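Just so we're on the same page, the working numbering is the position in the sequence shown counted from 1, plus 4. Every residue gets a Cβ at the ideal spot worked out from N, C-alpha and C, and that includes glycine. All values derive from a computational prediction rather than experimental measurement.
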Amino acid sequence: MSDLNEIGSWVRENLPTMLADAHIPAASVAILAGGEIFTTAAGILNRNTGVEADEDSVFQIGSITKTWTATLVMQLVDEGLLDLDVPVRDTVPAFAIGDDAAASAITTRQLLSHVSGFEGDLFNDTGVGDDAVEKYLATIADAPQLFAPGERFSYNNAAFVVLGRIIEVLRGTSYDQALRAHLAAPLGLTHVATTAAEAIMFRAALGHIPAGGSDEPVPAPVWSLVRSNAPAGSMLAMTARDLVTYARMHLDGGVAADGTRVLSEKSVRAMQERQVDLPELGLMGDAWGLGWEIFDWDGGPVIGHDGGTIGQNAFLRMVPGAGVAVAVLTNGGRTVDAYHAITSNVLDALAGVTVPALPSVPESPVAIDLERVIGTYSSSVSDSTVRVDEDGRIWLERTMKGIFAELGPAPEPVELVGWAGDTLLPREPQNGMHMPHAFVGDDGSGRALYLHTGRADRRIDA
Numbered sequence: 005m006s007d008l009n010e011i012g013s014w015v016r017e018n019l020p021t022m023l024a025d026a027h028i029p030a031a032s033v034a035i036l037a038g039g040e041i042f043t044t045a046a047g048i049l050n051r052n053t054g055v056e057a058d059e060d061s062v063f064q065i066g067s068i069t070k071t072w073t074a075t076l077v078m079q080l081v082d083e084g085l086l087d088l089d090v091p092v093r094d095t096v097p098a099f100a101i102g103d104d105a106a107a108s109a110i111t112t113r114q115l116l117s118h119v120s121g122f123e124g125d126l127f128n129d130t131g132v133g134d135d136a137v138e139k140y141l142a143t144i145a146d147a148p149q150l151f152a153p154g155e156r157f158s159y160n161n162a163a164f165v166v167l168g169r170i171i172e173v174l175r176g177t178s179y180d181q182a183l184r185a186h187l188a189a190p191l192g193l194t195h196v197a198t199t200a201a202e203a204i205m206f207r208a209a210l211g212h213i214p215a216g217g218s219d220e221p222v223p224a225p226v227w228s229l230v231r232s233n234a235p236a237g238s239m240l241a242m243t244a245r246d247l248v249t250y251a252r253m254h255l256d257g258g259v260a261a262d263g264t265r266v267l268s269e270k271s272v273r274a275m276q277e278r279q280v281d282l283p284e285l286g287l288m289g290d291a292w293g294l295g296w297e298i299f300d301w302d303g304g305p306v307i308g309h310d311g312g313t314i315g316q317n318a319f320l321r322m323v324p325g326a327g328v329a330v331a332v333l334t335n336g337g338r339t340v341d342a343y344h345a346i347t348s349n350v351l352d353a354l355a356g357v358t359v360p361a362l363p364s365v366p367e368s369p370v371a372i373d374l375e376r377v378i379g380t381y382s383s384s385v386s387d388s389t390v391r392v393d394e395d396g397r398i399w400l401e402r403t404m405k406g407i408f409a410e411l412g413p414a415p416e417p418v419e420l421v422g423w424a425g426d427t428l429l430p431r432e433p434q435n436g437m438h439m440p441h442a443f444v445g446d447d448g449s450g451r452a453l454y455l456h457t458g459r460a461d462r463r464i465d466a
């Protein structure tokens, strides 16, 4: 406990300065070690109201929700209700995408590990009712197949909505109700909100988004993304303490703090086993398991997940070999700065884990095969065009689509420089990070087929 108290005191003392330096309105942090949890919070939850953050404040956890969805799926496996390796259509006959052959073959395991291959950033609004997830399936019936199932990793939100529907079908209830009954309740969680209507019962953080010409983010125009994407992470909010309490169950072999078995040891292990390796993508893991990211860090392995919604970012890291976890919840600004400073110090002090430095622009950028990377790459979120100017500098220009085009000013062109192999970095950090842009695959003429930033955006120019 002395080590936990010492590092916890360091976080508490330094958190306000970290937030100010990174222009983060508020943050909440929880640390688990030796079966004990330390919490602290600082800042302003909503710059419209001036309400201050405390340790009972709820923040959206974004895509960390995907690990909750994966856990609910693995509970179904434990109960003999689901086989990960049979086609999804055996459980949800209504599952359809643009490629019917792929839809007939895709398995639950492939959905869980982001290798199903269809377009995944589909934030289709199907209303706010308990049937939002069910209705969503019809809206992705024409989603394009980017690559064959199992071929490669491409982060897929829509896949986790399909997983949410599997849960609904086999549980005979809504996704939100299943999450409450099978995770929140047995874990004894007290500050969990599955909708905005529930979040308002707590001190709830509002996201803050960039403002043109200012380092200070401004309140977002809406609280959340659409409810149809709840199983992928569009709604779920909680305290850092409750998130770490959930993590503790995974560290303790599937058993809650009071001894209640929530998940089998076999399923806990299976979720942490490598399913697919990733290109170098900065914050993302080196590999993916069944829901969890896997980080091959010195002193690890480490597992975890990140989440980003409208102006809110969440980070969770766990060291199974040490029984240590840390959660950092934020609501705008250069959130990666705070995540990296806190996580690096906590994991070093409590688990002997070295968190690697974030990607940085090399003094002498690596030479790039320009013909391989130049072109336009597309997803349902944006079209990204890579071009070279008359001085030989490489630029990425993004045109946002759908809801993302409505959330703020159009992105400014970003200069890219060679980092390693066919991976480039923005010359200037974005949200506190130089996000790797990996150009992978081959279109048949030596050009990259995908621009990979976690999602594989496919080349569309001839």
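Residue i to residue j span [Cα, whole Å]
i: T75; j: V323; result: 18 Å
i: P190; j: V266; result: 7 Å
i: Q114; j: Q276; result: 15 Å
i: D104; j: W72; result: 29 Å
i: T1; j: V166; result: The shown model of the chain, from 5 to 466, leaves out residue 1, and the question about it has no answer.
i: A274; j: G39; result: 23 Å
i: D445; j: D461; result: Checking the displayed sequence, the identity of residue 445 turns out to be Gly instead of Asp. In a straight line, the C-alpha of G445 is about 11 Å away from that of D461.
i: I372; j: L150; result: 25 Å
i: A107; j: V92; result: 8 Å
i: F122; j: Y454; result: 13 Å
i: V475; j: V390; result: In this structure the chain extends from 5 to 466, so residue 475 is not present and cannot be described.
i: S13; j: S386; result: 43 Å
i: D447; j: G379; result: 11 Å
i: G248; j: G458; result: The question names Gly, yet the displayed sequence has Val at residue 248. Taking the straight line joining both Cα atoms gives about 25 Å.
i: D125; j: T69; result: 16 Å
i: M404; j: P417; result: 12 Å
i: Y159; j: L400; result: 21 Å
i: P221; j: S368; result: 33 Å
i: V421; j: A361; result: 18 Å
i: I35; j: I41; result: 5 Å
i: T21; j: A201; result: 33 Å
i: D509; j: E419; result: No statement about residue 509 is possible, as the shown extent of the chain runs from 5 to 466 and does not include it.
Same chain, Cβ closer than 7 Å to residue i, neighbours up to 5 away in sequence not counted
i: R297; result: At residue 297 the sequence reads Glu, which differs from the Arg that was named. Closer than 7 Å at Cβ, skipping near neighbours: M288, G289, I307, G308, H309.
i: S268; result: D82, G258
i: P363; result: G286, W423, L429, H438, P440
i: R169; result: V96, V137, E138, L141
i: G436; result: A26, R338, T339, V340, D341
i: P223; result: N50, R51, N52, L210, H212
i: W301; result: V357, T358, V359, P360
Sequence-distant residues of its chain with Cβ nearer than 6 Å to residue i (five each side left out)
i: A197; result: V62, A203, A241
i: D281; result: A291
i: P415; result: R402
i: G293; result: M275, Q276, E277, Q279
i: I407; result: F127
i: A326; result: A355
i: A37; result: L8, V328, L354
Buried or exposed by the 16-neighbour rule on C-beta atoms within 10 Å, applied to residue i
i: V90; result: exposed
i: L255; result: buried
i: S382; result: buried
i: I464; result: exposed
i: K270; result: exposed
i: T43; result: buried
i: N9; result: exposed
i: R397; result: exposed
i: L374; result: exposed
i: G47; result: buried
i: P153; result: buried
8 Å CB neighbourhood of residue i in its chain, flanking five on each side removed
i: P97; result: none
i: L174; result: L80, L85, L86, T95
i: F299; result: G289, D290, P305, V306, I307, G308, R321
i: T347; result: F319, R321, V330, V332, V359
i: R376; result: D426, F443, G450, R451, A452
i: T177; result: A185
i: N161; result: S67, G124, D125, L126, F127, N233, A236, G237
i: T143; result: L126, N128, T130, S232
i: V226; result: I314
i: R207; result: L49, V55, A57, D58, D60, S61, V62
i: A182; result: L76, I171, E172, R175
Residue i beta carbon near the ligand GTP (any heavy atom closer than 7 Å)
i: Q181; result: Looking at this structure, you won't find the ligand GTP or any other ligand, since it has none at all.
What are the complete alpha helix (DSSP H) segments, minimum 4 residues, inside the stretch 372 to 407? As far as the stretch 372 to 407 is concerned, its whole alpha helix (DSSP H) runs of at least 4 residues are 374 to 377.
Are there three or more Cβ pairs, one per stretch, closer than 8 Å when the stretch 52 to 72 is compared with the stretch 331 to 338? The way I'd put it, the stretch 52 to 72 does touch the stretch 331 to 338; three or more beta-carbon pairs between them come closer than 8 Å.
Contact the stretch 124 to 140 vs the stretch 310 to 318: 3+ CB pairs below 8 Å: Look at the beta carbons and you see the stretch 124 to 140 not touching the stretch 310 to 318: under three pairs across the two are nearer than 8 Å.
Which complete alpha helix (DSSP H) runs does the stretch 257 to 289 hold, if anything under 4 residues is left out? Correct list: 269 to 275.
As an exercise, report each continuous beta strand (DSSP E) stretch of at least 3 residues that is fully enclosed by the stretch 284 to 343, in chain order. With a minimum length of 3 residues, the unbroken runs of beta strand (DSSP E) contained wholly in the stretch 284 to 343 fall at 297 to 299, 306 to 312, 317 to 323, 328 to 334.
In chain order, which continuous runs of the alpha helix (DSSP H) of length 4 or greater are located wholly inside the stretch 116 to 176? Correct list: 136 to 143, 161 to 175.
Uninterrupted beta strand (DSSP E) stretches inside the stretch 29 to 53 (no shorter than 3 residues): Runs found: 30 to 37, 40 to 50.
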